[in-house]
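Chemist: If you're matching them up, the sequences are chains X and A in order. For any residue, its number in my numbering is found by taking its place in the first sequence, counting from 1, and adding 56. For any residue, its number in my numbering is found by taking its place in the second sequence, counting from 1, and adding 56. Glycine is no exception: its CB is placed at the ideal position from the N, C-alpha and C atoms. Would you mind keeping the following structure in view while I ask a few things?
There are 2 protein chains.
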Amino acid sequence: MGAERKAVVLLSGGLDSATTLAWARRDGFVCYALSFDYGQRHRGELDAARAVAQSLGAALHRIATLDMGFIGGSALTDRALPVPSEPSPGIPITYVPARNTVFLATALAWAEALGAHDLFIGVNAVDYSGYPDCRPAFLTAFEELANLATKAGVEGTKFRVHAPLVTLSKAEIIRMGVSLGVDYALTLSCYAPSEEGRPCGRCDACRLRAKGFAEAGLADPSCV
Amino acid sequence: MGAERKAVVLLSGGLDSATTLAWARRDGFVCYALSFDYGQRHRGELDAARAVAQSLGAALHRIATLDMGFIGGSALTDRALPVPSEPSPGIPITYVPARNTVFLATALAWAEALGAHDLFIGVNAVDYSGYPDCRPAFLTAFEELANLATKAGVEGTKFRVHAPLVTLSKAEIIRMGVSLGVDYALTLSCYAPSEEGRPCGRCDACRLRAKGFAEAGLADPSCV
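Here it is as structure tokens:
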């Protein structure tokens with residue numbers, strides 16, 4: 057196998073990022089999982105991220121604190137805005153401005169310090185809810201930026217942003233994850249869970265998840 | 057003058073970013089100044105940033121908390137590493153991995169929430185200490201990323217990263233700042249100041265600053 061290949065994997069605690077971590081492990085990467093405490097409404101997703109990182113054998117899991125609450129403008133970080141329970145046209149209010157840019161930039165910083173050249177992100181351009189920073193063109197632009205932004209890039213490293221789910225449907229992601237041994241009971245997708253961490257069943261994220269399990273012909277173990 | 061033009065200005069509390077804020081104000085922008093508490097060794101620069109923002113008429117000044125201490129690898133955030141007192145060849149140990157990428161990404165998030173299309177950063181490619189993320193190619197790549205990363209970009213906004221100091225020498229920056237009314241007594245450049253906030257006089261940042269004032273034929277008011 058040669059030298060150890062390290063990767064930084066963005067891990068939210070949801071279904072997609074858990075599947076992405078399992079994929080990176082299957083590909084032989086030693087995985088450094090990175091989550092963010094960025095003033096999101098609920099902390100249940102950080103508990104889920106911890107459980108997923110341990111379950112899937114991440115070498116290390118770190119939670120970066122990033123105060124984005126002052127930015128406002130998103131229903132996911134601004135408590136004054138309600139999470140919609142009906143789908144809306146266009147880019148939804150749950151979009152956090154430039155979130156994946158901030159997350160990837162921080163992942164890049166850690167990658168450079170670790171000597172890793174590979175970043176994994178569980179974005180998806182099919183069931184992607186219309187977020188601009190989930191598109192392949194965005195990911196390619198970030199790779200180009202990473203090579204210019206870093207000491208490693210100046211010295212010849214080519215950073216790669218892996219988005220193994222980008223062209224998969226939610227049902228395909230779930231089937232893939234099951235084959236890779238992901239325990240979806242540990243994951244949390246809901247934007248507005250109860251105090252006890254139970255999904256609301258009505259938000260965009262719950263809807264996409266339920267549709268995915270239905271189309272995959274599987275029961276969602278987190279709803280049992 | 058038409059509609060109000062807002063800009064997000066990265067403000068460290070040092071000489072360069074203070075001059076950049078003055079430049080953005082002179083250009084007619086309503087300025088939203090953004091500083092970072094990212095585990096840097098000393099907090100004196102945040103006090104300096106507050107004083108500079110007020111002195112130069114920023115509309116708002118926010119300090120984003122970003123825990124980058126877990127990343128390690130830089131003498132500016134890792135207390136186990138000494139700040140060098142002699143120049144060294146290559147990219148110095150005071151380089152923080154991907155720092156300007158993280159800072160610009162966060163500035164972009166705020167800009168999008170504010171409806172601003174302009175970001176200002178005080179990087180400099182002349183006396184730039186060899187940091188890769190101070191080069192014009194990096195800034196252009198970030199503009200391209202910003203247009204792909206955001207709802208505003210998808211809807212047709214062209215973000216612009218202004219780096220008005222990028223081709224100036226330190227002496228030219230200082231002469232420019234003086235003509236724009238910057239009070240350099242408020243700024244702090246040192247990487248390793250004393251508890252009382254006095255500059256060490258030996259680190260790269262102190263050396264560049266002293267050389268700049270000498271070449272501009274001016275006394276540094278912070279040393280009086």
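At what residue ranges does the stretch 209-241 of chain X contain a whole run of the alpha helix (DSSP H), taking only runs of 4 or more?
Modeler: 226-235
Chemist: Is the shortest distance between the beta-carbon of X:Asp49 and the beta-carbons of chain A less than 7 Å?
Modeler: Missing from the structure shown is residue 49 of chain X; chain X here goes from 57 to 280 and no further.
Chemist: Helix, strand or coil, according to DSSP, for X:Thr121 in the structure here?
Modeler: As a working mapping, residue 121 of chain X is identified with position 65 in the first sequence. X:Thr121 falls in the strand class under three-state DSSP.
Chemist: Quickly, what does DSSP pair A:Val65 with across the bridge? List them, please.
Modeler: What you label residue 65 of chain A is simply residue 9 of the second sequence in a count that begins at 1. According to DSSP, which records beta bridges pairwise, A:Val65 is partnered with A:Ala89, A:Phe176.
Chemist: So X:Ala63 packs on X:Asp239, CB below 8 Å; how close in whole Å?
Modeler: Taking the first residue of the first sequence as position 1, residue 63 of chain X is located at position 7. Taking the first residue of the first sequence as position 1, residue 239 of chain X is located at position 183. In this structure X:Ala63 does not touch X:Asp239 by the C-beta definition: roughly 21 Å separates them, more than the 8 Å allowed.
Chemist: From A:Leu71 to A:Ile177, what distance separates their C-alpha atoms?
Modeler: Reading the second sequence from its first residue, position 15 is the one you call residue 71 of chain A. Reading the second sequence from its first residue, position 121 is the one you call residue 177 of chain A. Cα to Cα, A:Leu71 sits roughly 12 Å from A:Ile177.
Chemist: Output the boundary residues of the alpha helix (DSSP H) element that contains A:Thr196.
Modeler: One-based indexing of the second sequence puts residue 196 of chain A at position 140. Residues 192-205.
Chemist: So what does DSSP say about A:Leu244, is it helix, strand or coil?
Modeler: Residue 244 of chain A sits at position 188 when you count from the first residue of the second sequence. In the structure shown, A:Leu244 sits in coil (DSSP, three-state: anything other than H, G, I, E or B).
Chemist: Shorter than 7 Å from the beta carbon of A:Asp174 to some beta carbon of chain C?
Modeler: Absent from the structure: chain C. Protein chains present are X and A.
Chemist: Residues of chain A with CB closer than 9 Å to the CB of X:Ala165, please, in chain order.
Modeler: The residue given as residue 165 of chain X occupies position 109 in the first sequence. Ordered by position in chain A, the residues that pass the 9 Å Cβ test against X:Ala165 are Met124, Ile127, Gly129, Val152, Pro153, Ala154, Arg155, Thr157, Val158.
Chemist: Please list, in chain order, all residues of the same chain as A:Met57 whose beta carbon is under 6 Å from its beta carbon, the five residues on each side excluded.
Modeler: Along the second sequence, one-based indexing puts residue 57 of chain A at 1. Reliability fails at A:Met57, whose pLDDT of 45 lies under 50, so the model's placement of it is uncertain and the value that follows must be treated cautiously. Taken in chain order, the list of residues that qualify is empty.
Chemist: When DSSP labels each residue in this structure, what does X:Leu77 get in the three-state scheme?
Modeler: In the first sequence, the residue the question calls residue 77 of chain X occupies position 21. X:Leu77: helix per DSSP, three-state reduction.
Chemist: Determine the chain A residues that contact X:Phe215 at a beta-carbon separation under 9 Å, and present them in chain order.
Modeler: The residue you call residue 215 of chain X lines up with position 159 of the first sequence. The contacting residues do not exist; X:Phe215 stays about 10 Å from chain A at best.
Chemist: Following the continuous alpha helix (DSSP H) through X:Val158, name the residue where it begins and the one where it ends.
Modeler: As a working mapping, residue 158 of chain X is identified with position 102 in the first sequence. Taken as a continuous stretch (DSSP letters only), the alpha helix (DSSP H) holding X:Val158 covers 155-170.
Chemist: Can you look up X:Leu264 in the DSSP assignment and give me helix, strand or coil?
Modeler: Counting from 1 along the first sequence, the entry for residue 264 of chain X is found at position 208. Helix, per DSSP.
Chemist: Is it a yes or a no for the stretch 75-82 of chain A touching the stretch 261-268 of chain X, going by three-plus beta-carbon pairs under 8 Å?
Modeler: no
Chemist: Give the secondary structure of A:Ala59 by DSSP, where H, G and I count as helix, E and B as strand, and everything else as coil.
Modeler: Counting from one through the second sequence, the residue named residue 59 of chain A turns up at place 3. A:Ala59: coil per DSSP, three-state reduction.
Chemist: So, does the stretch 195-208 of chain A touch the stretch 189-198 of chain X, judging by three or more C-beta pairs under 8 Å?
Modeler: yes
Chemist: Between A:Phe194 and chain X, is there a C-beta pair that is closer than 7 Å?
Modeler: The sequence position of residue 194 of chain A within the second sequence is 138, counting from 1. Chain X, which has a Cβ nearer than 7 Å to the Cβ of A:Phe194, makes this yes.
Chemist: In whole angstroms, give me the CA-to-CA distance for A:Thr213 and A:Leu112.
Modeler: Along the second sequence, read from residue 1 onward, the residue named residue 213 of chain A stands at position 157. Along the second sequence, read from residue 1 onward, the residue named residue 112 of chain A stands at position 56. C-alpha separation (whole angstroms): 28 Å.
Chemist: Got a sec? Which residues, its chain only, sit under 6 Å from X:Asp276 by beta carbon, not counting five neighbours each side?
Modeler: On the first sequence, position 220 is the one that residue 276 of chain X refers to. Leaving aside the five residues that flank X:Asp276 on each side, the residues in its chain whose CB is nearer than 6 Å to its CB run, in chain order, Phe269.
Chemist: What separation, rounded to the nearest whole angstrom, lies between the Cα atoms of A:Gly95 and A:Pro188?
Modeler: As a first step, residue 95 of chain A is located in the second sequence; it is residue number 39 there, counting from the start. As a first step, residue 188 of chain A is located in the second sequence; it is residue number 132 there, counting from the start. Distance between the alpha carbons of A:Gly95 and A:Pro188 is about 21 Å.
Chemist: Using only CA atoms, which one of X:Asn156, X:Ala172, X:Leu164, X:Leu170 lies nearest to A:Ala165?
Modeler: Residue numbering aside, residue 165 of chain A sits at position 109 when the second sequence is read from its first letter. Comparing Cα-Cα distances from A:Ala165 to each of X:Asn156, X:Ala172, X:Leu164, X:Leu170, the minimum goes to X:Asn156.
Chemist: Can you tell me whether X:Gly171 is buried or exposed? The criterion is at least 16 other CB atoms within 10 Å of its CB, across all chains shown.
Modeler: Within the first sequence, the letter at position 115 stands for residue 171 of chain X. Exposed: under 16 other Cβ atoms inside 10 Å.
Chemist: Short check: CB of A:Leu221 to CB of A:Asn180, under 7 Å?
Modeler: Counting from 1 along the second sequence, the entry for residue 221 of chain A is found at position 165. Counting from 1 along the second sequence, the entry for residue 180 of chain A is found at position 124. Taking 7 Å as the Cβ cut-off, A:Leu221 and A:Asn180 qualify as a contacting pair.
Chemist: In chain order, what residues of the same chain have a beta carbon less than 6 Å from the beta carbon of X:Val86, not counting five sequence neighbours either side?
Modeler: As a first step, residue 86 of chain X is located in the first sequence; it is residue number 30 there, counting from the start. Only Glu60, Lys62, Ala115 meet the Cβ criterion.
Chemist: A:Ile153 to X:Leu274, Cα distance in whole Å?
Modeler: Residue numbering aside, residue 153 of chain A sits at position 97 when the second sequence is read from its first letter. Residue numbering aside, residue 274 of chain X sits at position 218 when the first sequence is read from its first letter. First, the residue type needs correcting, since residue 153 of chain A is Pro and not Ile in the sequence shown. Approximately 43 Å between the Cα atoms of the pair.
Chemist: Please list, in chain order, the chain X residues whose beta carbon lies closer than 9 Å to that of A:Leu201.
Modeler: Indexing the second sequence from 1 puts residue 201 of chain A at position 145. Result: Thr157, Phe194, Ala197, Phe198, Glu200, Leu201.
Chemist: Of all the options X:Gly100, X:Ala107, X:Ala161, which has the alpha carbon lying nearest to the alpha carbon of X:Glu252?
Modeler: Translated into positions along the first sequence, residue 252 of chain X becomes position 196. Comparing Cα positions, the closest option is X:Gly100.
Chemist: Select from X:Leu90, X:Val210, X:Asp83, X:Pro255 the residue whose C-alpha is nearest the C-alpha of A:Ala193.
Modeler: Position 137 of the second sequence holds residue 193 of chain A. Nearest of X:Leu90, X:Val210, X:Asp83, X:Pro255 to A:Ala193, Cα basis: X:Val210.
Chemist: Using 7 Å as the threshold, is the C-beta distance between X:Thr121 and X:Asp93 below it?
Modeler: The residue you call residue 121 of chain X lines up with position 65 of the first sequence. The residue you call residue 93 of chain X lines up with position 37 of the first sequence. A contact, by the Cβ cut-off of 7 Å.
Chemist: Run through DSSP, which three-state label would A:Leu102 get?
Modeler: Here residue 102 of chain A refers to the residue found at position 46 of the second sequence. Helix at A:Leu102.
Chemist: Throw me the rounded Cβ distance for the A:Val65 and A:Leu242 pair, which I believe falls under 8 Å.
Modeler: Translated into the one-based positions of the second sequence, residue 65 of chain A becomes position 9. Translated into the one-based positions of the second sequence, residue 242 of chain A becomes position 186. That pair is no contact at about 15 Å.
Chemist: Taking the beta carbon of X:Ser73 as the centre, do at least 16 other beta carbons fall within 10 Å, making it buried, or is it exposed?
Modeler: By one-based count along the first sequence, residue 73 of chain X stands at place 17. Under this definition X:Ser73 is a buried residue.
Chemist: Spell out whether any CB of chain A is found under 7 Å from the CB atom of X:Glu101.
Modeler: By one-based count along the first sequence, residue 101 of chain X stands at place 45. Cβ-Cβ to chain A under 7 Å: no for X:Glu101.
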